[in-house]
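Before any comments, here is the structure.
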Amino acid sequence: MEAELNGSTGLSISGLSKHYGSFRALDAIDLAIGAGEFMTLLGPSGSGKTTLLMTIAGFTRPTKGHIRIAGRDLAAVPPHKRNFGMVFQHYSLFPHLNVAENVAYPLRMRRMSRTDTEQRVAHALDLVQLRHLSDQRVGNLSGGQKQRIALARAIVFEPDVLLMDEPLSALDKNLREQMQFEIRSLHDRLGITTVYVTHDQREALTMSDRIAVINHGRIAQLGTPTDLYNRPADSFVAEFLGESTLLPIERSGVDYTLSGQPLRHDHSAPDARYLMVRPEKLEFWEPGLEPTHNRFNGTIEQKVFQGDSLQIRIRLASGQQIVMRRPARRTVLDRIGEGGAEIALALHSDDTVLVPDGAA
Amino acid sequence: MTAQSDTAPAGNAVPDDNTRQLAAAGRGETFRHFALTFPALLLIVVLVFGPVGWLFWLSLIEDGQFSLAHYQRMWTAAYFEIFSQTFRISLLVTGLAILVGYPLAYLMSQLPRRIAGLMMICVLLPFWTSLLVRTYAWMVLLQRRGLINHALIGTGVIERPLALVNNLTGTVIGMLHIMLPFMILPLFASLRTIDLTYMRSASNLGASPIRAYWTVFFPLSLPGVFAGAILVFVLCLGVYVTPALLGGGKVVMVSMKIQQNAALYFDWGAASSLGVILLAITVVLFWLLSRLTRIETMFGGG
């Protein structure tokens, strides 16, 4: 099974559009998903990420464009002939079949022999560690178990691509985090090309090889989690992915200034409008940081204890507010004064990210 | 106990213990809620259990004496034939109602809510006209020189008029017309609740639309079919007007025998015993129905 799946193929989407009247749910999407890649479609609700997934699955007919797999165009192929596995948001396990019958369903549709079916079902259930539930009715399962069975059913027939539509959104937080690692490790073992839809940025960062941030039916940015987090393409991605403070900046000649203070930055940024500051990248100013860091002076407005960390809101001398996050550690607590105390912050030039305006 | 003593001195535990009062308050609340149903409960006892008990009592009385004679009399071929015919007709009408009602209910369940609502009004429209009027209308349509025979002969499909009324055919057609809404209503309600994601899921897993229907949608719709079928079947058992008017005396159902006993022979005991047997069968069938609806809720749990 694994050897075959390792030969999994990539998926190539080009010029894919879906129009509803004048509304463009998908606007000429180009996306190449590599063989065995874990690609996440991330975006706010109504961004088009689910429409894109449903179009790949074949449930939504595109207005124009191509979906190719191994050179074959699937845009007009009905869903049951695409050989894509899908895990639905609410699992969609068949209530009239038991666990093993659910997992065997795609094999039954492919008229596989009885012995092969039994073997594959057992193997798929082993992969999700639920073989002991084979004879259970699906109504008796917990949310996490249903999720795993749905996953087993979606991979048992060795699909070319595995599609997942916010599969963890109905689970509670702890289980969700556990399932994130389980799905990812299953993906790594099977090497199956995966397209995963979520609106949870943390989930996207945790699981993906690459993330496509979708907004207004277009790809706002495509890249690895590190790329997206550290080098967002615009203010939309910066705000959508992770915590950030955006401070308006001015252009002066070839460089940028924040309230008149020139900014030291390592990365070229044409048309930048904002300085993006990630709270955890801010440090306490130390003498000797001048060559590599920008310095910001301000006063502490508020300190919020959040268990593992301390969130500190600081009013800069220029009047703008900035948020800093530090581990709630003795040495840190000792350095932070009460509200109204003066504070000097340092931001490394590599962490000084200047972004253009992105339509929210 | 040691944990409690941390927060409250041990001496306070007894006067503060209000377990008993809280339990009493809970019982009082349950009783008051239950009391709201008393008027309805009283009505059911007086209007349902009273008459049924009386009926049962009458069926055991012959010439003022306690006797099982009414039931013994039914142990004959003639009565067997009447019961058997009643069940055969009911079964036939139920089967036809499924065949005719299912496609319509399925179509309605897949249409937008507004259009489905309009179709539902069409299904229910015959309900608003009198049963007697509808039955006579069928007589007009089905008779030898009626509209249907006239049209069939006129178009050359047949040469001699078909015997469509005053027999089993007429009875079944008339009953089917009356029973169809009782099949469509529960079936439509049941089909409507089937999540179409199941069909998408089946399609994604490799099922063609037809296979997806037979392997997923149809099995999930069975509880609705059973509900409609049992409802129609039970109603068919008691139908009187339609077989009496459209059967032309060739079709004798239990209800007609009851009418005969009561109105013609004034034998209330015999009529009652037939009623009791019919009721017993109905109760068994509703018990089966309740078992099947439990299966339905089990399905819904998925």
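Keeping their order, the protein sequence lines are chains A and B. Under this note's numbering, the first residue of the first sequence is numbered 1, with each subsequent residue one higher. Under this note's numbering, the first residue of the second sequence is numbered 1, with each subsequent residue one higher. Glycine is no exception: its CB is placed at the ideal position from the N, C-alpha and C atoms. The model shown is predicted, which means the values in this text are computed figures rather than measured ones.
Residues of the segment 200-212 of chain B with a Cβ closer than 9 Å to any Cβ of chain A, in chain order: Arg200, Ser201, Ala202, Ser203, Asn204, Leu205, Gly206, Ala207, Ser208, Pro209, Arg211 and Ala212. According to DSSP, Phe94 of chain A shares a beta bridge with no other residue. In terms of CA proximity to Val277 of chain A, A:Val355 leads the group A:Val355, A:Val254, A:Ile219 and A:Thr292. Counting only the Cα atoms, Gln143 of chain B lies some 13 Å from Arg160 of chain B. Closest in alpha carbon position to Ser169 of chain A, among A:Leu163, A:Ile155 and A:Val197, is A:Val197. Nearest to Ala269 of chain A by C-alpha distance, out of A:Met112, A:Ala124, A:Ser349 and A:Phe94, is A:Ser349. Using a Cβ distance threshold of 8 Å, Val161 of chain A and Val103 of chain A do not count as a contacting pair.
Chain-ordered, the chain A residues with CB closer than 8 Å to the CB of Thr197 of chain B read Phe88, His90 and Ser92. Straight-line measurement puts the Cα of Thr245 of chain A at about 55 Å from the Cα of Ala23 of chain B.
Residue contact check for Val225 of chain B against chain A: no CB pair falls below 8 Å. From the listed residues A:Lys49, A:Ala70, A:Thr40 and A:Arg82, the smallest Cα separation to Gly58 of chain A is found for A:Arg82. Contacts with chain B at 8 Å (Cβ-Cβ) do not include Ala152 of chain A. Counting along the chain, the unbroken alpha helix (DSSP H) around Val225 of chain B starts and ends at Phe218 to Gly238. Glu283 of chain A carries a strand assignment under DSSP once its states are collapsed to helix, strand and coil.
Only residues of its own chain outside the window of five on either side were considered, and among them Asp165 and Val197 have a CB closer than 7 Å to the CB of Thr50 of chain A, listed in chain order. DSSP links Met324 of chain A through a beta bridge to A:Ile312.
At least one CB of chain B lies nearer than 8 Å to the CB of His96 of chain A. Its Cα nearest to that of Gly117 of chain B, the residue B:Ile184 stands out among B:Leu55, B:Val46, B:Val140 and B:Ile184. For Met109 of chain A, the C-beta contacts it makes with chain B under 7 Å involve Leu205, Gly206, Ala207 and Arg211, in order along the chain. For Pro219 of chain B, a Cβ of chain A is located within less than 8 Å of the residue's own Cβ. Membership of Lys173 of chain A in the alpha helix (DSSP H) is indicated by the continuous run Lys173 to Leu190. Ranked by Cα distance from Gly174 of chain B, the first of B:Arg114, B:Ala271, B:Leu92 and B:Phe31 is B:Leu92. Under the Cβ criterion of 8 Å, His80 of chain A is counted among the residues facing chain B.
What Ala57 of chain A touches in chain B, judged by beta-carbon distance under 7 Å, is Asn204, going in chain order.
Scanning its chain for C-beta atoms nearer than 6 Å, with the 5 sequence neighbours on each side dropped, one finds around Asp271 of chain A the residues Pro356, in chain order.
Leu162 of chain B and Asn149 of chain B have their C-alpha atoms roughly 6 Å apart.
Taking 8 Å as the CB threshold, Pro167 of chain A stays off the interface with chain B. Pairing Gly337 of chain A with Ile214 of chain A gives a Cβ-Cβ distance that is not under 8 Å. Closest by C-alpha distance to Thr55 of chain A, out of A:Arg189, A:Val332, A:Ser142 and A:Leu74, is A:Leu74. Listed in chain order, the alpha helix (DSSP H) runs fully inside the segment 66-133 of chain A are 99-109 and 114-127, counting runs of at least 4 residues. Only residues of its own chain outside the window of five on either side were considered, and among them Gly85, Met86, Val87 and Leu162 have a CB closer than 7 Å to the CB of Ala154 of chain A, listed in chain order. Taking the beta carbon of Val46 of chain B as reference, no residue of chain A falls within 9 Å; the closest one sits roughly 41 Å away. About 53 Å separates the beta carbons of Arg114 of chain B and Ala270 of chain B, which is beyond the 8 Å limit, so they are not a contact pair. The CB of Phe296 of chain A never comes closer than 7 Å to any CB in chain B; the least such distance is about 49 Å. When the beta-carbon positions are compared, Glu280 of chain A and Ala346 of chain A stay at least 8 Å from each other. Within chain A, the residues placing a beta-carbon under 7 Å from that of Val216 of chain B are Phe94, ordered along the chain.
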